[in-house]
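Undergrad:
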């Protein structure tokens, strides 16, 4: 694989993962199994208030080709076929949903030592086209993304950003929402032994002059238990505790307190992931 710049979607990813990844305020359960033939099966269920939704996912790998099929609780079937290294540095995937005949799309991902590109093209007569590219090195990436809807001849998005990554810290600056939002993030690893890390994300709305920030931390209580916290300027406080009770099997407890919500200021969720 190339050691070039990260894809545009990964600029600021380390801080975003620490602040938001794995936080869940519903009841979620997933069970995954795999066979020697390369077939993986995952069943997932989520209870949101009084509603229950779920899906069954299968993945089969054969050489450079991977086939993913997802059947959800509404009987919709999503299929993705991915070919890795069809050409050097190129990953190609074709996805579609049944019965939605307009859902087909083609994704192309290309990675080079100094260049990275991701494109998505809708497989219709008037497709939605998205393109993202970065240039730089494995440490410094500068890039932009652009979306165009040929049906309405309208630009759906354009964002730009720069990211800098080292083994112990990462910083990014993004101009998002068609130039209306400026977002900066920073994450720093203080102690490699227990993974003690802090992160901050600051958002500035250029039109309204509003400012928002979120602070977070993460560290391992022991080799099997991870504790994360976060705090935002709105007063929201979040806490996450994730325990690996057996290899690749996780129990995650999440809690959040929002002082601005009078009726139900606290939210608690649990997620159980089993991989026998």
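Numbering (my numbering), first residue to last: 226 to 501.
Think of the CB as a built atom: it goes at the ideal place given N, C-alpha and C, for glycine as much as any other residue.
Remember, predicted model here, so these are calculated numbers, not experimental data.
1. Taking the Cβ atom as the reference point for each residue, do residue 464 and residue 454 lie within a distance shorter than 8 Å?
2. Leaving out the 5 sequence neighbours to the left and right, which residues in its chain are closer than 6 Å to residue 382 when beta-carbon positions are compared?
3. Could you pull the start and end residues of the alpha helix (DSSP H) that residue 238 belongs to?
4. Residue 381 CB to nearest chain C CB: under 8 Å?
5. Helix, strand or coil: how does DSSP classify residue 338 here?
6. Residue 236: buried (16+ other C-beta within 10 angstroms of its C-beta) or exposed?
7. Does residue 357 come out as helix, strand or coil in the three-state DSSP assignment?
8. Go through its chain and collect everything with a Cβ distance to residue 401's Cβ below 7 Å, but skip five positions before and after it.
9. Whole angstroms is fine: what's the gap from residue 310's alpha carbon to residue 330's?
10. Starting from the C-beta of residue 475, find all residues in its chain whose C-beta is less than 8 Å away, skip the five residues before and the five after it, and write them out in chain order.
11. For the pair the region 349 to 365 and the region 387 to 399, tell me if three or more CB-CB distances fall below 8 Å.
12. Would you give the residue range spanned by the beta strand (DSSP E) that residue 399 belongs to?
13. According to DSSP, is residue 235 helix, strand or coil?
TA: Taking the coordinates as given:
1. yes
2. 372
3. 238 to 245
4. Of the protein chains in the structure, only one exists, and it is not chain C.
5. coil
6. buried
7. strand
8. 384, 408
9. 19 Å
10. 467, 468, 469, 496, 497, 498
11. yes
12. 394 to 401
13. helix
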